[in-house]
Every structure is written in structure tokens, then in C-alpha cells.
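Participant: Residue numbers (UniProt numbering), protein chains in the order written: chain X, 1 to 407; chain G, 1 to 407; chain D, 1 to 407; chain W, 1 to 407.
4 protein chains.
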Amino acid sequence: MYQFSQQSVELQQRLQAFMDEHIYPNEAAYAGYLHAADNRWAPVPLMDELKQKARDAGLWNLFIPPSLASFADHDGLSNFDYAPLAELMGRVLWSPEVFNCNAPDTGNMEVLMKYGNEAQQQAWLAPLLAGEIRSSYAMTEPQVASSDATNVELRIERDGDEWVLNGRKWFITNAMYERTRILIVMGKSDPDNPNRHQQQSQVLVPKDTPGLELVRPLTTLGYDDAPLGHAELRFDNVRVPAENILLGEGRGFEIAQGRLGPGRIHHCMRLIGIAQRSLELACARAEQRETFGRKLSQHQSVREDISRCYSEIEMARLLVLKTCARMDEVGAKGAMDLIAASKTSVPLMMQQVIDRCMQMHGAGGLTEDYCMAEGFNYARWCRQADGPDQVHQMALGKMIIKRFTEE
Amino acid sequence: MYQFSQQSVELQQRLQAFMDEHIYPNEAAYAGYLHAADNRWAPVPLMDELKQKARDAGLWNLFIPPSLASFADHDGLSNFDYAPLAELMGRVLWSPEVFNCNAPDTGNMEVLMKYGNEAQQQAWLAPLLAGEIRSSYAMTEPQVASSDATNVELRIERDGDEWVLNGRKWFITNAMYERTRILIVMGKSDPDNPNRHQQQSQVLVPKDTPGLELVRPLTTLGYDDAPLGHAELRFDNVRVPAENILLGEGRGFEIAQGRLGPGRIHHCMRLIGIAQRSLELACARAEQRETFGRKLSQHQSVREDISRCYSEIEMARLLVLKTCARMDEVGAKGAMDLIAASKTSVPLMMQQVIDRCMQMHGAGGLTEDYCMAEGFNYARWCRQADGPDQVHQMALGKMIIKRFTEE
Amino acid sequence: MYQFSQQSVELQQRLQAFMDEHIYPNEAAYAGYLHAADNRWAPVPLMDELKQKARDAGLWNLFIPPSLASFADHDGLSNFDYAPLAELMGRVLWSPEVFNCNAPDTGNMEVLMKYGNEAQQQAWLAPLLAGEIRSSYAMTEPQVASSDATNVELRIERDGDEWVLNGRKWFITNAMYERTRILIVMGKSDPDNPNRHQQQSQVLVPKDTPGLELVRPLTTLGYDDAPLGHAELRFDNVRVPAENILLGEGRGFEIAQGRLGPGRIHHCMRLIGIAQRSLELACARAEQRETFGRKLSQHQSVREDISRCYSEIEMARLLVLKTCARMDEVGAKGAMDLIAASKTSVPLMMQQVIDRCMQMHGAGGLTEDYCMAEGFNYARWCRQADGPDQVHQMALGKMIIKRFTEE
Amino acid sequence: MYQFSQQSVELQQRLQAFMDEHIYPNEAAYAGYLHAADNRWAPVPLMDELKQKARDAGLWNLFIPPSLASFADHDGLSNFDYAPLAELMGRVLWSPEVFNCNAPDTGNMEVLMKYGNEAQQQAWLAPLLAGEIRSSYAMTEPQVASSDATNVELRIERDGDEWVLNGRKWFITNAMYERTRILIVMGKSDPDNPNRHQQQSQVLVPKDTPGLELVRPLTTLGYDDAPLGHAELRFDNVRVPAENILLGEGRGFEIAQGRLGPGRIHHCMRLIGIAQRSLELACARAEQRETFGRKLSQHQSVREDISRCYSEIEMARLLVLKTCARMDEVGAKGAMDLIAASKTSVPLMMQQVIDRCMQMHGAGGLTEDYCMAEGFNYARWCRQADGPDQVHQMALGKMIIKRFTEE
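1. What's the gap between the Cα of Ala256 of chain D and the Cα of Ile172 of chain D?
2. Could you tell me the distance, in whole angstroms, from the CA atom of Cys101 of chain D to the CA atom of Gln143 of chain D?
3. Residues of chain W with CB closer than 7 Å to the CB of Cys283 of chain D, please, in chain order.
4. By alpha-carbon positions, which one of X:Val111, X:Gln13, X:Pro66 and X:Leu88 ends up nearest to Arg259 of chain X?
5. Name the one or two DSSP bridge partners that Thr173 of chain D has.
6. Whole angstroms are fine: how far does the CA of Ile274 of chain G sit from the CA of Ala284 of chain G?
7. Is the shortest distance between the beta-carbon of Ile306 of chain G and the beta-carbons of chain X less than 8 Å?
8. Taking DSSP's pairing of strands, which residues face Arg155 of chain D in a bridge?
9. From what residue to what residue does the beta strand (DSSP E) around Ser342 of chain G run?
10. Determine the DSSP secondary structure at Arg181 of chain X, reduced to helix, strand or coil.
11. Should Gly252 of chain D and Phe235 of chain D be called a contact, given that it needs their Cβ atoms to be closer than 8 Å?
12. Would you call Glu49 of chain W buried or exposed, if buried means 16 or more other Cβ atoms sit within 10 Å of its Cβ?
13. In angstroms with no decimal places, state the Cα-to-Cα distance between Gln393 of chain D and Gly387 of chain D.
14. Under the rule that 16 or more other beta-carbon atoms within 10 Å means buried, what is Asn39 of chain X, buried or exposed?
15. Over the uninterrupted beta strand (DSSP E) stretch that includes Gly213 of chain G, give me the two end residues.
16. Mind checking if Leu322 of chain G is an interface residue toward chain X, Cβ cutoff 8 Å exclusive?
17. Taking the alpha helix (DSSP H) that His285 of chain W belongs to, which residues open and close that run?
18. For the region 285-319 of chain W, list every residue whose C-beta sits within 7 Å of some C-beta in chain G, in sequence order.
19. Report the residue from W:Gly116, W:Met109 and W:Thr140 whose alpha carbon sits nearest the alpha carbon of Glu132 of chain W.
20. Return the Cβ separation of Val185 of chain X and Val203 of chain X in integer angstroms, given the expectation that the two are a contact with Cβ distance under 8 Å.
21. Please classify Tyr370 of chain D as buried or exposed, where buried requires at least 16 other C-beta atoms within 10 Å of its C-beta.
22. Name the residue from W:Gln298, W:Asp208 and W:Asn61 whose alpha carbon lies nearest to the alpha carbon of Asp73 of chain W.
23. Ser67 of chain W: buried (16+ other C-beta within 10 angstroms of its C-beta) or exposed?
24. For the region 345-361 of chain X and the region 114-128 of chain X, state whether three or more C-beta atom pairs, one from each stretch, are separated by less than 8 Å.
25. Where DSSP assigns a beta bridge to Leu204 of chain W, which residues make up the other side?
26. Relative to the C-alpha of Glu290 of chain G, which candidate in D:Glu87, D:Ala31, D:Asp148 and D:Met113 has its C-alpha closest?
27. List the endpoints of the continuous beta strand (DSSP E) containing Ser136 of chain W.
28. Just to confirm, is the Cβ distance from Trp94 of chain X to Glu178 of chain X under 8 Å?
29. Should the region 344-358 of chain W be regarded as contacting the region 327-335 of chain W, the criterion being three or more beta carbon pairs within less than 8 Å?
30. Are the CB atoms of Gln200 of chain X and Val152 of chain X within a distance shorter than 8 Å?
31. Measuring CA to CA, which of W:Ala138, W:Pro262 and W:Lys114 is closest to Leu247 of chain W?
32. From what residue to what residue does the alpha helix (DSSP H) around Met113 of chain G run?
33. If the cut is a Cβ gap below 9 Å, which residues of chain D does Asn174 of chain G touch?
34. Three or more beta-carbon pairs under 8 Å between the region 78-91 of chain W and the region 5-13 of chain W, yes or no?
35. Using a Cβ-Cβ cutoff of less than 6 Å, which residues in the same chain neighbour Arg270 of chain X once the five nearest sequence positions on both sides are dropped?
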């Protein structure tokens, strides 16, 4: 039923070999380094070494689509062709960075490829594509429901040939990371514009700009996602040159719209990877562990749970693949229904899959001895990331009701 | 992502037009006739008329696969190509019979095409393909867990040039139906054979054979599925000629294995159809009904439920399509994992979808004013039909554990 | 923790003995009679005999509370003391009528005890208390969301010394029953009254009044609940004497409010009874049935399911008992929060309990060979009866939010 | 329905006042201290101050039951009377220590009160009751399913007048805490004893005994539960004097049995507290937050969720209270069914309650700005603590099947 392109199939094989050779064997070392680190936001030394290897192996910037292939060393991968690659990377939560394919940098690079001018691309896109620096996307604000992008309140005001930013942001992924140099900041430049979708602009803010304060790292279920982190930020008269605006004044909403669809789907792909790996771990555990005189794998309830995990992963994967295929065909906007279906179904389903697999591992399943607890947290977090599921269900429900009543 | 064949696409359009013109407008008449009928097991007169129309429209025996296309008026449809057609038929529970595509006749015809000799085909297959008679498949027994086919206890003994059958069966679909003339009966002809899979035979038993008693119709959740019905049967020295055996003595298990995969998937396809229709009804209701000063469709909880229904139907459909594609490629045996995943996920999921849609309809949703209550019963019943889900989860779980631990 | 009164404890023992001696042994006969009946709405002959025995045993009108004990042969039972009795009766769905404790007659009798004048009591209450006639409560209408009682549209107009009724009702329990003689009908007598709660009146309408048409019996999930039934009714210039009004013009809403709390809780009590019985059946089945070489009871998944059923029944029972105790203390209005919690939690939970128990019984669990399928239908139906759960959750949620934000 | 003793009611009021005055206002300070601490396992200075205040307020050692009241400053509290107090303490996860009522010290003190000799009590019980030191209970081992206490493998061997311990333990709560001085260690002293329940002994091991190594702190879902922590331990020829044995050689299993029932129930009580607090936070949030032009509290789906949370908390609380009352009446052993029902239902239910409340808080709900994320982790962890739920469901299911089939 599925025909991945020859390029994708070949990359899948190469990527799997790379994971086997370079990633899985380094998981303990990576965790150990981070555990012992004085500064959790500094790059893990291992990372640079692995990145070089990935680049050498031709496993670099795989997220770049055919339409932007001029920025890549490959022919560009459709969402559909990229999906199994992102799933493989998702099996180790920190591995996407190795391939320069981690959120939110992928989305940010895409924004710069599509909307950046030449100077902006040279200054920021080039080092991002080379994996030399990292970036953040500053949208969410603590005091408003920023899943509706028109609600953002951070002020972007023109003062001479500068933009002056004032406001607060939080859950800004990557912002804690020492390697991060640039933030794309969404705010209101024209709050009184009668068109609610032209009040926003997006500007490029170097992380070391005076007035930009890293208030604190945030955790979700106890995880700080170091070294990337999720930061709370304060903007206090942060000044950047007028030319740092993206696309043009009042076009912030337009950029935001284009950015979000693929991001949600990439999260889903990676979650399927970590869920699939959890299932495989659970199978191994079921064969090794004995309770009450028989292997776990011989208990009927364990088999039923394994069976449920398998079926749910399969359904989630198929939904994501269909969503990708549709996006490739008609664009993210035309695939809004399927994107919303994936966004609101896949993380929840994968959270449940991982939960069952953790439970089969006994108390140890909840620790960092396995990848499951952090995968569980990732899935739980995705039910909030890019807006709470309920907001997307509202939009999807409305769309479906309309579809079946308007004919 | 999906490329249905030109033949399938064309048939989908023709079938949808036929449903619009001939099936939906006749639902009330069909129900009314059955409601008023003195004899619930007699054919509904409307049925013959509709069958003729379907035949004229080239919508006949669509279940026949390419490998058996010599028996069809078309080129044969793969499981994949048949799936959307079965889904359309599933929207009205009694409509598959109109197209000669109803269970269990489809499975029985397939058995006769594959394993029947020429005399058997002439006697029974020909009138079945013509829709003149109906048939039953007698496997399940009340006293044993007959989801494991080796457990059946009905005795088939040779006496001269006859087979003599003694035992009980139940949940024999179609057996109440007056139009049914022939039963394929599974039983034990050689209970002492050391090979557990060679103890069974299947014989053809005309319904009017002396000693075969229709004990009673059975209901599920209050439905008798008239006029087809599910019967309890008693075999008391039922005698049929020696040549009524299918394929050969001791080959009953082999036939049973081949028969069941597609049957389970056909049920899933039809359930998706009735769930999809329930969703469409719920959308219409949500737009029409007002409570507490606003349309149902404006309540956030209604939108969330609609959104869940849409996502779950989509995932179920994708799983079934993948299962079909795999069956087409490697056969039912090679697709056992996906068949089990579909069998244990789709009916439960569609039951929940229909349940939500019923709930949105108020008390009326539970009545026969809508198709939902009976669809709900169909989904619930499929969690037992062809064996309780737990049995299939056991097998699937075992298979998956093995897959990920044997490398 | 629970101290049922001496009276309740003694009645529980007597009732259990009665069930053992007279009810369980008659279940097959009762079902058989109904199955063979030409007229499903005629009284089952067995019923009269059992009623006499129940009366002789002092198990009669047990629903009557202490405040109305003058109408009873006993001292009156608080809701708390009545709960375990209703649970016992709930184990056989038709048995409450044996004890003159079936819905909706209990609620109707309570209305007549509290709001009927002497003539009304003599005419209708006396034969109801004696179990000679049955009654209906006509509230729900097909075209409006009648869970909000102010929405009812049936017109009650004064014409000389008569009331004239025009409109439609449905899901009117008991109305199909031949023994039913009287209906309490809720309608609008003053639709323009600025006070929305004074627009309604309730009048007594003898079932044989000209213009009152039994349109049809309704089913839920295939069950018609014969011989009591749920009817659709049409009122076409139905005329009753002016004195047939209850309590007074414009006081219909007031009566409705008082009636509904206990009714919902009685449903919950009975559902716990049928769920408890389903659990006991499942335990017996698990010990008797073997699959794959071991008793069902030895499968870990079966034990987990039994364990869940036990815990959920216990929680449901405790919630209902607390609700009862609160109602006894502060009245139904003051216990609105707990009544809503019970109404929206217990039927759903008991439906799931019964579903698991059915599943352990194989295909047979869905038939009428057991009490489970009909119990499942009862639980499902209660999620709509007295208004869909969602309406009660809305009110309860609002109340709880207010409680924790207003201090 | 519930009659807490006068003593309990009075203590509830006093405890609530104490929480209002001393605990809630210190939450930020406590978290801040821990966050900034160089050593997460050192006592939080604030704690000593609060303990003194609690002691002065007569809110000390409230867990001590009437039978052991000679060890308390009060008359002893039954499980039933203690339940609402533990629920109140549970609202702030670290607050039980303030009242000397935290796990596992409460269980350990109870063991010493019941089974310790005078010397042992003087050395360890006295400072524990005074809150001067803390203790651990070392049962769980990484390599075996130690929910079955007979599986523990740590060796306890006699060598002259000493016991020598060798083996591994993990998830040993409190062992990271600097204030902890003593461990009760369960191990095998007589592995060849034909009676599986006489192979174990429990010995007292001072934490500073040579050979006892704190391998590492463990996390669950990213939380380290500092400053108490869950440790992995290695015992490498750890030697303690012969008189350090509890109760006597071979009586370790007996002690373990007595210890666990109340512990599980105390966890449930505290979880109800944190779930109840989450619900109250969600109500406040629903009133404050606006999305799409209306308060969250006006969305139907929010009201439904609040309603579910309320009902589930109420059911959980009632189950725990009944379990307590039964334990008070017949002891933990006689209440095994209800203890198992609570253990396997309450944590799961409270996890779901807290999950909904977190979701209503947006992304912030997952952070440490609220108590919910850590409460969620506590509930998830309790599904493994004292053995995975599945083990208890197995035992409970078996017991219930026996109960309903043996009569």
C-alpha cells in the first residue's frame, strides 16, 4: 500500500544502521554526561562528534522538502518519505539533533528558507543548516491562551530604525541551550489594526540582546529536557534593528500559520518511534521476567496488552502517513482536518501505549534506566504543545459538522 | 496514498448512486414490513426486487476476488478494492444481501468455489451465486470454546455410503431464514486421529434433512437479525450421502482456516460504514437540535466527540485497508497479525463511535428510528463473532513477543 | 460504617429468601410466557400470583418513606434503608413489580401521596398502592430537549370546566401495559407566564380518554421492555375534568422537581443489583469454562476483569448509599450534587461491568439465556432516562466550580 | 452516614487551620530552597521549624492507632478517623513529614512498636517518634518480583554473634535522606527452609554500617522525591550484631504481612487529598481563564470534566473509608479484598483526575508552578509501589471468584 521513494528507503536503511552503530551504544554515555554536568544547558561533547558522523553519512537535514531542496545535500524528502525517518530518530529522544532534525530548529529553518531575506539567511540560516548554532521560536505567553496566535500580547513597537520588544514568553524550547543564538519572536506590532490577522509581526532577536532575560527553565512532569530546555523569558525594552523583521510588518500571523502543521506531525512521527521502541522493550521484558512460576509472556493479560500496543501503534502510524501524503498533495492548510486528527489522537494513544509498557517493567519502568518515562513525558507534553488538544478538537469538530451538513 | 483500481472507483460511484436511489429510500419500508410480518424468517418481498436492480446495475457478487473471477460477471476485486464497496453497503445493515454480498453466504460461496467439486458447485454454488438460495456455516457449539476449531464436538460418522451427524450448534447465521437451503457443517469425523488438525470434516447438509432441528432463534442485545437470524440447531442422526463431504475426510480444519480471515475483515469494513453513517447523522443532529439556548453543534463537548469519532473512524479504516493490501499480497495466513489487530480493534472502536453518536440523539438514538442501535449491536456482536477478542489478542500478543525477541 | 435499621436488615433477609424461593425459580417461566405471548402488553399471569405472595410476606410498597408511612403497612423506609432492598430487586429486572416497587409507579404514587387531593387519592392512589392498576408519567417529548422541564410543549388549555390537551409524548414507560389506567401528564397551561417555572401544570388523564392515542411501542437496543413498554403517545383534543389538575394550575414544574431525585437513585440501586448478579454469574462461568487447557478463572486477564468489576460495583454502591443518606438528611434538593454524581457515574460504570461479564460468557452472554444483555440495555438506557448524562454533568460541573470559587 | 469521632473532627479542624497558616504559605519557600540546594538530600531548614509548630499544636504522630496509644500524645486514631487527616496532609506532598506522618517512617515506627524489643525501641523508635531521625524499609530488589515477599534474595547469614548481609535493594524510600539513620532490611536467613514463609528475617541496619553503599538515587517520571528520595543500595558484607534481628529469626514474612495493608491505604488517602486539591485548582482556573470569548467554566466540556473529577474523587474516598472501617473492625488481613480494591482503583482514578486538571491549566499545568505534576507522578508511582496493580488484581480476582463459587 505504501511506496516510499527509493531515496527514502535507502535513507531508512542507512539511518537504522547509524542508530545501531552510533546512537544506541551511546545512550548511557549521553545520560551519564548530562547527569554529572555542572551546567545542564551546555552542549553534550558527544553531540558534536555524532553530528559530524551523521553529516559524513549523508544523514543531514533530512527534514528539508523537495520544494526547498536547494538548501539541502539531498533531493528533498516529502513529508511521507520523511515520516519513517523521523520515527526512527524518535526512538532516542535526543537523537534528532544529531541529524540536525530536531524541533524547533527544523521549523525555524523552514521559516528562514521561505520567508528570510538574503541577509537574514546568511546570518542565521547558514549556521543553522550547518548545525553550528540553535534557535528558538517564541510564541507562547503565560498570561493568554496563545494557541490562538491572535492573542499574543508581547509588544513590538517601532522606534526610529529599531523595533522595541516588551513582554513575556514561556515554554520557549531551546532557549536555555547555550548553543542557541537566535530567536524568532512573535508579537503585536499593530494591535489596533481592524484585521485581527495583521496585528502581528515576527522579528529576529539575537539571544544576547540586552533586555532579554532568561527567567528560568521550566519542567514538564519533572523533566527539564536539558540541554535544550523550555525557558521562561522576559523582554524588557529589547531593541533590534528594523531589518530584523521577517517578511514584513503585519505578516506574523501568516508566517505562524505556515509553520505549525508540519511541526505537529513531526512530533507524532517521533512519538510513534518511542512507542514502538517501548513495545519492543516490553516484549523483551515479557520473555525475561518470571512471576508466579511463569514468564510474563505467558500471562494472558500481558499478551492482551502487547496486542493492544501493537494495534494502536499501527493505527497511529497509518493516520500519520495518510496525513503526510495529504500534506504533500494539497499542503498543510488543505490537510488541516487530518493534522488535527493526528495531533489529538496520536500523542494520547502513544502515551497509553508507553504507560502499559512501563507498567510491565515494574518500578524500574518509571526510572531513567529506560527511555519510557521520558517518552511518556514527551507524549503527555505534546497534548499541550502547539495548543491543548481541546482547541484542535473544537476546530476539527466544527469542520466535520460543517462538512456533513452543508451539502 | 491509496490507489483503488479504476474498476473499484467506478463501482464505488455506481454503488453510491444505487444506495441513494434504491436503498436509503426503502429503509422505512423494509423495517415496516419486517415489523408487521407474521413470520419474521420469510424473505422481505422488497428484497427480490432490489436484487434484480442490483444485478442489472452490475453490482453483483462484488466480493469475488480476481483468482476466482471465472465465477463472476466482473474481473474480480482484491480485498483492497472491495473494502470501500463493503463499507458503503455496511451503511444499511440489510443491504449487503441486495448485492449478494452478505455474510455468511460470501464465505460459503468462496468455500464452494475453492473446495467444492463440480456436482456440489452445480447443486449449491450456482443458485447461491444467482441469489436464489441462502446458506449457513455451522461451526460454533454451545458447550465448547469453538473459537478453537479443534474443539468442535459434533460427530460425523460414516455409516455405509452415508454420513451420520449428531450434535448441537448455535449462532448459525442465516439458518432461520426460509430461503436458506444448505448448511456447511463442521464436525469430528476422526476424533482419535493423533493429528488434532485432521480430526475434522465439513459436510454439506440440506436444511430439510430429517433429524435437523431448528431449536430456536437467538438474540444479541435484543436483536434477532431477522430475516436471516442466528439459530440454535440440533442434529439427531442427520444422514447425508457420502459424496456430500467437502474436499475430503479429515480436511475440515484446513477449510476452516482458509475461510475465516476475509470474513473478519468484511465485518470490519461494514462496521466502518455504519459508524461513518452514525457520525454523519450526529453532525446533522448537532446542527438541528438546540439545548440551553444554543445548537448542540456549538457545545465544545459535542465538537470534541465529533472530532474523536472522525479520528477513530479514519484510523480504523486505514488499519483495515492495510490489512486488505497485505492479504492481497501474501494471503490471509501471512496477514494474520493485521487481521487479528483489525478484528480486536475495529469493532470495539466502532462500538464506541456509535455509542457517542447515539448519545447525541437523546433517547431516540436508542430506538429503531435510526440505524445506530442496530449498528451498535452489530459492533458488540463482532467482539464475539469468530471467537472472542481475547482469543485473538492472545495469539497476536504471542506473535508480537516472538517477533521482537527472536532476532 | 453502615448501620441499616433493624427493619431494613430484617426486610433484606426476608426479601432475599423470597427471591430465592419465588423469583429466580420463575425466571424461565416468565421469559417463556412473554416469548410465546400473542399480546406482549398483557399482564403475565404469574405476576399476580407472585404479587399476592409478596404482599403476604410483608414485602409490599417498600419504597414508601417514613414521612408517608401512613400509606404503608410498614414504618416507612428511608432512602438509605431502601437501597439494599432495591438492589436485591434489581437482580431480576421484572421483579420490582412483584413488590409494587417498579418505576414509574413508585414515583407516581409518591406524587399522589404528596400532591393528590382526597378524591384523586381515592380514585387512583388506592388501586395503585394495592397493585391493581398501573400508571404512567408523561413528560418527555420527541421534538424538544425535555430534560429541561420548562421546554415541554404539550398544550393544556382550559375550556369551561375541562382541560384540553394537545401534543406528543414519547418514552412513556408503562403506557403500553394493559394494566395501566392513569397518566400524569405534564404540559404548558400558561406558556406566556413571565415566570418560566409557572407555565406548566400536571393533570391526571385516564388512559381510555378519547383522543389519547398509543402511537407505537419504542425499543431501546432492541428491547421493548414488555409488558410495561415505552410508548409514543399523541394527545388530540384530549379532555379531562377541571378537577383532574394536580396541586393547582402553574405548579407542574414544582411537582416535577420533587419527583425526579429519588427516581434516578432507584435506577442506580437496581443497576447495582443487576451488575452484582452479572459478576456472580461471571465468577461461576470462570470456574466452569475451560479454554486452552485451563479454567477461565486461572487466566490472569479474567482475574483482572473480575477484580475491576468488584471494585467498581463497590464504589458505585457506596456513592449511592451516601447519596441516599444525604437525601434522607437534607432532602433531594440539598443532595442535588450527589444525585447528579450518581446519575452520571453509576449507569455508565455498571454498563461497563456488565459488558465485561457478558464478554466472559462468549456469544451466549449476549442472548436472553442470561440476564446480562437486558441489564446492559437497562444501564445504557439510564444514561438517557431523566435526561442525558451531559445535562446533569453540566449542572454538576457548574455547581462544583461555584463551590470552590465563591468562598 | 459517617461519624468521625469527636477527636478526629477536632483534629481535622486544627489540621486545616495549620495547613492554612503554616503549610500553604510556605510551599514556594520550600520548593525554592530545594531548587537552589547544593545537596538535595539534606533536610530543608524550614522543616524543623514547622515540625516544632506541629508538635506544639498537638498535630503529631496522628497515625498511631488506639491499640498503640501508649506511644502517642493522643488517644490513638482508628484508620477511619485518621483517613480525613491523611487526606488533608496529602494536599501538599511534603507536609506529612511536618506531622511525623510520612511514609515509610509511619510503617517503620509501627513495626518497632509492635515487634521491637525494649533496646531496639529505645535506640530507634524513640528518636523516630520524636522526629529526630528518619528510617527506611528495604524490601524491593531489582532482579526479582519482590511484590511476592518470598522472592527476596538478599542474604542474611549468621556469623558468630553477627548477621552478615549481602545483596541489592532498590526504591528504598528515605535512604537518600541525610536524616535517615536506620534501615529495616528484609532478607533470606534460611533459604532452604521447606516453609517458604519462614525463610525470611528482618534486621535493623544503621545506615552508616560499613559495606552499605548508596548506589544512586532513582527517579520516577523525572522526580527524585528529594530530600527523602528513592535509593538503590548495595550490601557488601554488611555486619550487624545478632541482637539487631526483629522479632526473631525466620519471622520476616510475618512482619512484612502486617506492615503493608495500612501503608497502601495511607497512600490512597493522600492521593485523594492531592486530587481534591487539583480539582479545586481547576475550578479556580476555569473561572479565571478565558478562551474564544468565554470563560473556561462556561465550556460544556470543562463542566463535564469537573463533574467527572468530583464524582471519581467521591467514589474513591468512599471506598477508602469503607476499607478503613473494615480494617478497624477485622484487621488488615480480614480486609484484604477491600485493601486490594483500593490499591488498584484509587491511584489509577486519581491519576486520571489530576491529568484532567493539569490539562485545564494549559502547558503550565505540567510544571512545578502547581502541585499537580508531582501529584500525578505520585499517583502513577503508587500503581507500582507495594507491587504492581496486576499482582493485587490477581489475588483479588481469585478471592472473588472463590467467594461466589464455593457456597
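Note that beta-carbon positions come from the ideal geometry of N, C-alpha and C, so glycine has one too. None of these values were measured; they are calculated from a predicted model.
Facilitator: Short version:
1. Position 256 of the third sequence, counted from the start, is the residue given in the question as residue 256 of chain D. Position 172 of the third sequence, counted from the start, is the residue given in the question as residue 172 of chain D. If you take the alpha carbons of Ala256 of chain D and Ile172 of chain D, they lie about 15 Å apart.
2. Taking the first residue of the third sequence as position 1, residue 101 of chain D is located at position 101. Taking the first residue of the third sequence as position 1, residue 143 of chain D is located at position 143. C-alpha separation (whole angstroms): 31 Å.
3. Along the third sequence, one-based indexing puts residue 283 of chain D at 283. Going along chain W in sequence order, the residues near Cys283 of chain D (Cβ under 7 Å) are Ile400, Ile401, Phe404 and Thr405.
4. Indexing the first sequence from 1 puts residue 259 of chain X at position 259. If we check each option's Cα against that of Arg259 of chain X, X:Val111 comes out closest.
5. Here residue 173 of chain D refers to the residue found at position 173 of the third sequence. Answer is D:His230, bridged to Thr173 of chain D.
6. As a first step, residue 284 of chain G must be located in the second sequence, where it is residue number 284. As a first step, residue 274 of chain G must be located in the second sequence, where it is residue number 274. Roughly 15 Å separates the two Cα atoms.
7. Stepping through the second sequence from its first residue, residue 306 of chain G is reached at position 306. Yes, Ile306 of chain G lies at the interface with chain X (some Cβ there is under 8 Å from its Cβ).
8. Here residue 155 of chain D refers to the residue found at position 155 when the third sequence is read from its first residue. For Arg155 of chain D, which the question treats as bridged, DSSP gives the partners D:Asn166 and D:Lys188.
9. For the purposes of this step, residue 342 of chain G is taken as the residue at position 342 of the second sequence. Premise fails: Ser342 of chain G lies in the alpha helix (DSSP H), Met336 to Met360, not in any beta strand (DSSP E).
10. Walking along the first sequence from the start, residue 181 of chain X turns up at place 181. Looking at Arg181 of chain X - three-state DSSP - the assignment turns out to be strand.
11. Here residue 252 of chain D refers to the residue found at position 252 when the third sequence is read from its first residue. Here residue 235 of chain D refers to the residue found at position 235 when the third sequence is read from its first residue. The answer is no: Cβ separation not under 8 Å.
12. Start at 1 with the first residue of the fourth sequence, and residue 49 of chain W comes out as number 49. Exposed, because fewer than 16 other Cβ atoms sit within 10 Å of the Cβ of Glu49 of chain W.
13. Against the third sequence, residue 393 of chain D aligns to sequence position 393. Against the third sequence, residue 387 of chain D aligns to sequence position 387. The straight-line gap from Cα to Cα measures roughly 11 Å.
14. For the purposes of this step, residue 39 of chain X is taken as residue 39 along the first sequence, with counting starting at 1. Looking at its Cβ environment, which holds fewer than 16 other Cβ atoms inside 10 Å, Asn39 of chain X is exposed.
15. Mapped onto the second sequence, residue 213 of chain G falls at position 213. First, the amino acid is wrong: residue 213 of chain G is Glu here, not Gly. Looking at the DSSP string, the run of the beta strand (DSSP E) that includes Glu213 of chain G is Leu212 to Leu218.
16. Here residue 322 of chain G corresponds to residue number 322 of the second sequence, with the count starting at 1. Residue identity check: residue 322 of chain G is Lys in the sequence provided, not Leu. Lys322 of chain G counts as touching chain X.
17. By one-based count along the fourth sequence, residue 285 of chain W stands at place 285. The sequence given here has Arg at residue 285 of chain W, not His. Unbroken alpha helix (DSSP H) run through Arg285 of chain W: Gly252 to Gln288.
18. His299, Gln300, Ser301 and Glu304
19. Residue numbering aside, residue 132 of chain W sits at position 132 when the fourth sequence is read from its first letter. Looking at the Cα atoms, W:Met109 is the closest of the given residues.
20. On the first sequence, position 185 is the one that residue 185 of chain X refers to. On the first sequence, position 203 is the one that residue 203 of chain X refers to. Confirmed, about 6 Å.
21. As a position in the third sequence, residue 370 of chain D is number 370, starting the count at 1. Tyr370 of chain D comes out buried.
22. Within the fourth sequence, numbered from 1, the residue matching residue 73 of chain W stands at position 73. It is W:Asn61.
23. Numbered from its first residue, the fourth sequence carries residue 67 of chain W at position 67. Classification for Ser67 of chain W: exposed.
24. no
25. Start at 1 with the first residue of the fourth sequence, and residue 204 of chain W comes out as number 204. W:Ile184.
26. By one-based count along the second sequence, residue 290 of chain G stands at place 290. Closest option to Glu290 of chain G, Cα to Cα, is D:Asp148.
27. In the fourth sequence, the residue the question calls residue 136 of chain W occupies position 136. Per DSSP, Ser136 of chain W belongs to the beta strand (DSSP E) from Arg134 to Ala138.
28. Position 94 of the first sequence, counted from the first residue, corresponds to residue 94 of chain X. Position 178 of the first sequence, counted from the first residue, corresponds to residue 178 of chain X. Taking 8 Å as the Cβ cut-off, Trp94 of chain X and Glu178 of chain X do not qualify as a contacting pair.
29. no
30. Residue 152 of chain X sits at position 152 when you count from the first residue of the first sequence. Residue 200 of chain X sits at position 200 when you count from the first residue of the first sequence. Their beta carbons are under 8 Å apart, which means Val152 of chain X touches Gln200 of chain X by this criterion.
31. For the purposes of this step, residue 247 of chain W is identified with residue 247 of the fourth sequence, where counting begins at 1. It is W:Lys114 whose Cα lies nearest to the Cα of Leu247 of chain W.
32. Along the second sequence, one-based indexing puts residue 113 of chain G at 113. Asp105 to Tyr115 is the span of the alpha helix (DSSP H), which, as asked, contains Met113 of chain G.
33. For the purposes of this step, residue 174 of chain G is identified with residue 174 of the second sequence, where counting begins at 1. What Asn174 of chain G touches in chain D: nothing, since even the nearest Cβ is about 16 Å away.
34. yes
35. Against the first sequence, residue 270 of chain X aligns to sequence position 270. Excluding residues within five positions, the ones whose Cβ falls inside 6 Å are Ala86 and Gly90.
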